[in-house]
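**Student:**
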Amino acid sequence: DAKTTQPTSMDCAEGRAANLPCNHSTISGNEYVYWYRQIHSQGPQYIIHGLKNNETNEMASLIITEDRKSSTLILPHATLRDTAVYYCIVRADNTDKLIFGTGTRLQVFP
Amino acid sequence: GAVVSQHPSWVICKSGTSVKIECRSLDFQATTMFWYRQFPKQSLMLMATSNEGSKATYEQGVEKDKFLINHASLTLSTLTVTSAHPEDSSFYICSYQGTDTQYFGPGTRLTVL
Chain A
59 DAKTTQPTSM DCAEGRAANL PCNHSTISGN EYVYWYRQIH SQGPQYIIHG LKNNETNEMA
119 SLIITEDRKS STLILPHATL RDTAVYYCIV RADNTDKLIF GTGTRLQVFP
Chain B
2 GAVVSQHPSW VICKSGTSVK IECRSLDFQA TTMFWYRQFP KQSLMLMATS NEGSKATYEQ
62 GVEKDKFLIN HASLTLSTLT VTSAHPEDSS FYICSYQGTD TQYFGPGTRL TVL
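So the protein lines, in turn, are chains A and B.
Here our numbering runs 58 ahead of the position in the first sequence, where the first position is 1.
Here our numbering runs 1 ahead of the position in the second sequence, where the first position is 1.
Set out below in structure tokens:
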């Protein structure tokens, strides 16, 4: 079973920041937080991952709370093409399985 | 990131026939890869993990004799759905294990009539 909980859906206006929360209260010390997204009828796309420090790349920022029980994915300037299902996944290392939960369906509107 | 292709992108077949789906890593060699399936409006479900040169490991509830996986090389894996039935209609997605994450193919939509 997935070890994370996410809101079922969220809306965001184009150009605004999209903040997607994820709860992972049972995360272990050696588990990373990964974020993927899946645009309709496509394969998932890797976004970002982190262990305990905040991370930023060209796609997004990942903010992990100090107790590591929750995190937030931030898309700083959402566009219509960011409309997708976003999955938050915890896994121990790169050889661990990816167990997908239900994710958050983000709808970006004009 | 690595580029992964799947062929075909969609296929329609009659009940009872077998369908082969190819998954290729175009710029990356990986010893481990994964096959997922996704039913409409549901999340991805891991079917099996395969390592090059050895037999695949199937998740609970996935029939190994029905879903044949051949990890032929570091850049090619195939999934054969044998004696397909309408309930096998789904979106099948492969992924390769990279150095820091998994890279997914675009998926293959299988429709069994």
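We treat Cβ as the ideally placed atom computed from N, Cα and C, and that holds for glycine.
Source: prediction; values computed, not measured.
Using the three-state DSSP reduction, which class does Asp151 of chain A fall into: helix, strand or coil?
**Tutor:** Three-state DSSP puts Asp151 of chain A in coil, outside helix and strand.
**Student:** Checking contacts by CB at 8 Å: is Leu77 of chain B closer than that to chain A?
**Tutor:** no
**Student:** With a threshold of 16 other CB atoms inside 10 Å of the CB of Ile70 of chain B, please say whether the residue is buried or exposed.
**Tutor:** buried
**Student:** By how many angstroms is the C-alpha of Tyr93 of chain B removed from the C-alpha of Thr130 of chain A?
**Tutor:** 29 Å
**Student:** Which residues of chain B have a Cβ atom closer than 9 Å to the Cβ of Gly161 of chain A, listed in chain order?
**Tutor:** Ser44
**Student:** Looking at Thr81 of chain B and Ser19 of chain B, is the spacing between their C-beta atoms short of 8 Å?
**Tutor:** yes
**Student:** Compare the C-beta of Leu156 of chain A with all C-beta atoms of chain B and state if any pair is closer than 8 Å.
**Tutor:** yes
**Student:** Enumerate, from N- to C-terminal direction, the unbroken beta strand (DSSP E) stretches of 3 or more residues contained entirely within the segment 52 to 110 of chain B.
**Tutor:** 68 to 74, 77 to 82, 91 to 98, 103 to 105
**Student:** Taking Cβ to Cβ, would you say Val113 of chain B is nearer than 8 Å to Pro87 of chain B?
**Tutor:** A contact, by the Cβ cut-off of 8 Å.
**Student:** Rank B:Asp89, B:Gly106, B:Ala85, B:Asp101 by C-alpha distance to the C-alpha of Cys95 of chain B and give the top, closest one.
**Tutor:** B:Gly106
**Student:** Give the straight-line distance between the Cα atoms of Leu156 of chain A and Val148 of chain A, rounded to the nearest whole angstrom.
**Tutor:** Whole-angstrom Cα-Cα distance: 8 Å.
**Student:** For a quick check, are the C-beta atoms of Leu109 of chain A and Tyr90 of chain A less than 8 Å apart?
**Tutor:** yes
**Student:** Taking 8 Å as the CB-CB cut-off, is Leu69 of chain B touching chain A?
**Tutor:** no
**Student:** Anything in chain A within Cβ reach of Leu47 of chain B, meaning under 9 Å, just list it in chain order.
**Tutor:** Lys155, Leu156, Ile157, Phe158
**Student:** Ser51 of chain B: which of B:Phe68, B:Val4, B:Gly17 sits nearest, CA to CA?
**Tutor:** B:Phe68
**Student:** Using 8 Å for Cβ pairs, my map puts Ile121 of chain A next to Ile132 of chain A. What's the rounded Cβ distance?
**Tutor:** 7 Å
**Student:** Taking just the CA atoms, how far does Tyr145 of chain A sit from Asp125 of chain A?
**Tutor:** 21 Å
**Student:** Are the beta-carbon atoms of Ala142 of chain A and Leu164 of chain A separated by less than 8 Å?
**Tutor:** With contacts defined by Cβ atoms closer than 8 Å, Ala142 of chain A and Leu164 of chain A form a contacting pair.
**Student:** Give the residues of chain A in contact with Pro107 of chain B, contact being defined as C-beta atoms less than 7 Å apart.
**Tutor:** Gln100, Gly101
**Student:** Counting only C-beta atoms, is His107 of chain A closer than 8 Å to chain B at any point?
**Tutor:** yes
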